[in-house]
Amino acid sequence: MVRRRQVIRAVGAAGLSLAAGCTDSNSGSARTPEARTERTRTTPPRQTAGTERRTTTESETTTEETDETTTGTPEDGEERFIAAEDVRTGSIPLRKLPYEQWPRHDVGHCSRSVAEVSELANVSLQNESDSDSYDPLNTAKNINDIVRCYSVEGVEGYRKKADRMIEALLETSVRRAGAAYVSYTFYYDWHGEFPLIPPIYSGMAQGVLLSPLSRLYRLTGEQRYADLAHLVFRSFDRPRGTLASEYVDEPWTTMVDSTGYYWIEGIPLDPPGHVLNEKNAAIEGLYEYWRVFETPQSELLLTAALKTVKDHTDDYRVPEELSWYCLGHDVRTPPRYHDLHIRQFENFYRMTGDRAFERAAARYRRDQKAAGVRTTDEK
13 MVRRRQVIRA
23 VGAAGLSLAA
33 GCTDSNSGSA
43 RTPEARTERT
53 RTTPPRQTAG
63 TERRTTTESE
73 TTTEETDETT
83 TGTPEDGEER
93 FIAAEDVRTG
103 SIPLRKLPYE
113 QWPRHDVGHC
123 SRSVAEVSEL
133 ANVSLQNESD
143 SDSYDPLNTA
153 KNINDIVRCY
163 SVEGVEGYRK
173 KADRMIEALL
183 ETSVRRAGAA
193 YVSYTFYYDW
203 HGEFPLIPPI
213 YSGMAQGVLL
223 SPLSRLYRLT
233 GEQRYADLAH
243 LVFRSFDRPR
253 GTLASEYVDE
263 PWTTMVDSTG
273 YYWIEGIPLD
283 PPGHVLNEKN
293 AAIEGLYEYW
303 RVFETPQSEL
313 LLTAALKTVK
323 DHTDDYRVPE
333 ELSWYCLGHD
343 VRTPPRYHDL
353 HIRQFENFYR
363 MTGDRAFERA
373 AARYRRDQKA
383 AGVRTTDEK
């Protein structure tokens, strides 16, 4: 029997607006015809369900999983959809940074009081006049900020608000094969021209949400946070095509390309956009999940994602100019995203000790200066 999507909607209030996809209102110049014309697309991107069927190896189990919430920590016998031989990982080491140096942790910084965060919507809205326009990314960012405040101040009011927001956001999620997918629930004109139809899934939102769930488990030891973190993490292990034979409207936020590179998509499209800053933000969430749980599968996916970025930093680069926002479409990044690319590469160097990321950050910083854009240190 074909199983179809059912969305349970939570009531939200006013929130922040979305900035997603391979587009930005201040994106700057488009690529010239001479520059990498092989990537120029003449047809609009589209949302599609995957059509490839997963080949089950002898090492995989074939027991059907339900769409119910799965509890407990991952067991050795739990089904895996991505194996080491499926993806490129290289020899990227992983450093066990102390909590204060985790990529999404701002040491000693809490910018809002309990009273202020209590006024936040449990689920942010893209449009204040549309109570169904859920924005999971900004919701996850707000949860992340509140958990940071809880870790700094130790005040239970922060955790209680985070709990309410997590519950409300996950009530809007779609459950597939033991994974939870949050989604944008409003129509979005990508590039102001190509309409995207909800639900719109987001690997970036999934990754940003992983951070506070993982850190709440680390801070409290309460199993319920681990259970929720595992639900979200499993979405990274369900690449495009995995569930296509079971679901008419297959959700996906990751993919493995024909050469074995593992991509996390900010918004899954066909052709894929491969937005750099969104993939990087998701990787930071994967790192924090790995630091807390240290499962073999989280290490595999984290190193595979880092390998993909490491091998493609020059593809996003434009010497002496600002970098490309993504690989799939002709959009130049605005200055703030180029600066973000640099900071993310620096984070990856700290996370791995791999000097390829340090060198990439240095190249991008030289390009930034050559383009006449002030760096973060100069602002």
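Each residue of the sequence shown is one higher than the one before, starting from 13 at the first, in my numbering. Here a beta-carbon is modelled for each residue, glycine too, at the ideal position from N, C-alpha and C.
From the DSSP output, read off the bridge partner residues of residue i.
i           : result
residue 114 : Paired residue(s): none; residue 114 is not in a bridge.
residue 207 : 201
residue 195 : 213
residue 187 : 192
residue 344 : 336
residue 137 : 146
Is the beta carbon of residue i less than 9 Å from the beta carbon of residue j?
i           : j           : result
residue 264 : residue 320 : no
residue 288 : residue 229 : no
residue 132 : residue 172 : no
residue 224 : residue 178 : yes
residue 277 : residue 106 : no
residue 160 : residue 122 : yes
residue 100 : residue 316 : yes
residue 215 : residue 283 : no
residue 410 : residue 326 : The chain is shown from 13 up to 391; residue 410 falls before or after that span and cannot be answered.
residue 385 : residue 347 : yes
residue 217 : residue 186 : no
Counting only the same chain and skipping the five closest in sequence on each side, list residues whose C-beta sits under 6 Å from that of residue i.
i           : result
residue 209 : none
residue 373 : 354, 357, 358
residue 139 : 145
residue 290 : 216, 278
Under the assumption that residue i contacts residue j (Cβ atoms under 8 Å), give the Cβ distance between them as a whole number of angstroms.
i           : j           : result
residue 301 : residue 241 : 6 Å
residue 94  : residue 268 : 7 Å
residue 247 : residue 192 : 7 Å
Under DSSP, the beta strand (DSSP E) around residue i begins and ends at which residues?
i           : result
residue 302 : Residue 302 -> not in any beta strand (DSSP E); alpha helix (DSSP H) instead, spanning 288 to 305.
residue 268 : 266 to 268
With respect to the alpha helix (DSSP H) encompassing residue i, which residues constitute its N-terminal and C-terminal limits?
i           : result
residue 104 : Premise fails: residue 104 is in no alpha helix (DSSP H) and is neither H nor E.
residue 274 : Residue 274 -> not in any alpha helix (DSSP H); beta strand (DSSP E) instead, spanning 274 to 276.
residue 417 : The structure shown does not extend to residue 417, since the chain spans only 13 to 391, so no value can be given for it.
residue 311 : 308 to 328
residue 243 : 235 to 245
residue 382 : 367 to 382
residue 130 : 126 to 130
Taking 8 Å as the limit between beta carbons, can you name the residues of its chain near residue i, skipping five residues before and five after?
i           : result
residue 199 : 207, 208, 209, 210
For residue i, I'd like the list of residues in its chain whose CB is within less than 7 Å of its CB, leaving aside the five on either flank, ordered along the chain.
i           : result
residue 220 : 149, 152, 153, 156, 293, 297
residue 375 : 329
residue 251 : 93, 94, 264, 266, 267, 268
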